[in-house]
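Novice: Its first residue numbered -3, the sequence shown is counted upward by one per residue in the working numbering. Backbone N, C-alpha and C define an ideal beta-carbon position, used for all residues, glycine too.
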Amino acid sequence: MRDNYFREQYNIAQASKDAFGVKTTVAAFAAVLTAVLAVLGLPPLVNGIAGLALSVLVFVFCAQEMGDGLLSIFYMRPSNDSLTSVALIATAIQSLVLIFTAEDQAFHTFAPAVFISVTISMLMKYFFICEIINNLNLIKNSKTFVVNTGDIDMHKRAIDRVCIVNPVVKFPNVVDTTYEGDPSEEKIRIFVPATCGAILVVSMIIGFISGFGAFASAFAALFAIASSFAAEMAFVLPYIAEQRRLRKLGSVLLGYDSIEAMRDVETLVVSDRDLFPAKKTKMERFRFRDKEKMADAVEFTAAILLESESPFAPTFVAETGCDAERLPPVDDWRYMKNYGILAHIYGDEVLVGNRNMLLSYEIMPLPQETEAALTSTNRSMIYTVINGTLVSYTVFSYSCDPEMKRAAETVGEDFSIIATTNDCNITEIAIQKLYGLNNTKIVVPDADERSLINEVCEHIEETDALPDMITTKNAIGILSSVRKAKKLASVVNMSVLIKIASIILGLVLTAIAFFIDSTAPGPIWTVLFNAIWSLPVLFLTLVRK
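#1: Does the separation of the CB atoms of T467 and V143 fall below 9 Å?
#2: With a threshold of 8 Å, establish whether the CB of V52 neighbours any heavy atom of the ligand GDP.
#3: Distance, Cα to Cα, R240 vs P234?
#4: Using DSSP's beta-bridge definition, name the partner residues of C159.
#5: Assign K333 to one of three DSSP states: helix, strand, or coil.
#6: Go ahead and label N418 buried or exposed: buried means 16 or more other beta carbons lie within 10 angstroms of its beta carbon, across all protein chains shown.
#7: Shortest alpha-carbon distance to R259 belongs to which of I359, K480, I128?
#8: For A98, which three-state DSSP category applies?
#9: Compute the distance between the beta-carbons of A23 and C58, then report whether it is under 9 Å.
#10: Starting from K121, trace the alpha helix (DSSP H) in both directions and tell me its first and last residue.
#11: Could you please give me the residues that DSSP links to G349 through a beta bridge?
#12: CA-CA distance, G47 and L505?
#13: Please report the distance separating the alpha-carbon of E530 from that of T373.
#14: To the nearest angstrom, how far is the alpha carbon of V248 from that of D270?
#15: Roughly how many angstroms separate the alpha carbons of D319 and A461, rounded to a whole number?
#16: In whole angstroms, give me the CA-to-CA distance for I542 and F272.
#17: Can you find a CB in chain D that lies within less than 9 Å of the CB of R479?
#18: Assuming M465 is part of the beta strand (DSSP E), what are its boundary residues?
#19: According to DSSP, is K278 helix, strand or coil?
#20: Helix, strand or coil, according to DSSP, for K437 in the structure here?
#21: Based on the DSSP output, what are the partners of S393 in its beta bridges?
#22: How many angstroms separate the CA atom of L36 from the CA atom of C192?
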């Protein structure tokens, strides 16, 4: 089933890639041909025929994008192709004027700038789908986890949003999900129809002053500016650049919705088993205190450690030679933070916890000096008590995974980690010490906070929420990816604002030029202006580390 899923997703992506390759080629051909004709200074009739024919050709080959872009304006949900699609129509109108109106021989064609915009738009989509294919290859060949985000009301800890990592149960539709959401399209919902209206009004005023030929020329020129080279680049280039960096870290973003979901996340929920894998635990000493209950001491301790999913459980079971399948059932158990576990096995009351737990039940642990000596050098200790009698104690140690420790070094003061555990020895201080996270807020949740975390997990499961990220890392290993995703949001938003600002500035300058001399603005102006205002987007993409 997994292979079928990836084959289906890959086929969809590959078909889109091939289609965008053809569309890019056709648009590029139109851009080059009209540019050559304009440079050669051929009669307006030739430019008009070429512009009209190529406008129709490009619109037909890019019918889905141009058609959707045009219709989306009327539904008040414009896309990045909306202004470009109207620009194609404006180019066709001007081409007709150049063909049939002799008085307009002094006016220029602005088709090259529009066709370049279409070329860049299709090329960006081509690159975008290539990234999706690369993401699919990473997911297919690796053990993967999903990262989900959710709101949580841990006001006492000043935490209101968390991200949670879980093994993949059901793979999402990577292709469709990655396509969903584009900040450019969200921010231009009002801008696009307002721009179209403004261009029409300004063009009509210019036409009223200088004639119909000036109207057609201004209409085409203004939309050539509005179809900005950066229309699709504003999101796609920063996304592609960052996605390539993220893929090296083993993570995949699923479009802009992923970035937005990660933007406000400052807390990661991990389990103690993620922080301290079983292979990083070691039994240092196990001693009996009641020889009559030696078998129960071993089996009851093993059963409770396994039931509570302690990171130390596999090591304890292996070192003591227990058969995990034949251990007694734990009837019920309850974890008390900073104390340990209270459970019942075969009707016996069993405590597995630390010194504080024994003292709270008025049971004498080892002398404090002895315990201090045993737990030196980062060792931990648990006692096992059956029906009020101390039967054994265990000394063991946790060590952190080197790879996760390197990832932890990237965590700053602006990020928190919630570590869920049923182990009284795994505390905020212990985690900070072992991982060197002295400047990071570590939270080991209490029972009420665990309930809140469980509610978030249940909500994600019940709503079948789409993942915000797919990753080959777990726990702290994803922190570098999360931090990059958070920073990418600001870069993308800045790119979008630059695009909008450049369009507004270009429209104002072009309109002023037409009011001064309706024959002065030419295709070189529209191409150069759009090219220059694409540089900030390229700069943000290239310098982003």
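Specialist: Considering the structure as presented:
#1: Between T467 and V143, the gap from beta carbon to beta carbon is short of 9 Å.
#2: This structure simply doesn't include the ligand GDP, nor any ligand for that matter.
#3: CA-CA distance, R240 to P234, rounds to 10 Å.
#4: Answer is T145, L264.
#5: If DSSP states are grouped into helix, strand and coil, K333 belongs with coil.
#6: Classification for N418: buried.
#7: Minimum Cα distance to R259 is reached at K480.
#8: No answer about A98 holds up, because its pLDDT of 49 lies below 50 and its placement is not dependable.
#9: By the CB criterion at 9 Å, A23 and C58 fall inside the cutoff.
#10: Residues 107 to 136.
#11: For G349, which the question treats as bridged, DSSP gives the partners G336, Y379.
#12: So the alpha carbons of these two residues sit roughly 24 Å apart.
#13: One point to set straight first is that residue 530 is Ser, not Glu, in the sequence displayed. When rounded, the distance between both Cα atoms is 58 Å.
#14: V248 and D270: Cα-Cα distance of roughly 20 Å.
#15: So the two alpha carbons sit approximately 39 Å from each other.
#16: Because the chain here runs from -3 to 541, residue 542 falls outside it and cannot be looked at.
#17: Although the question refers to chain D, the structure presented lacks it and comprises just one protein chain.
#18: M465 -> beta strand (DSSP E) spans 465 to 467.
#19: Here K278 sits in strand by DSSP.
#20: Of the three classes helix, strand and coil, the one that applies to K437 here is strand, per DSSP.
#21: When beta bridges are read from the DSSP output, S393 appears opposite K278, R375.
#22: The straight-line gap from Cα to Cα measures roughly 32 Å.
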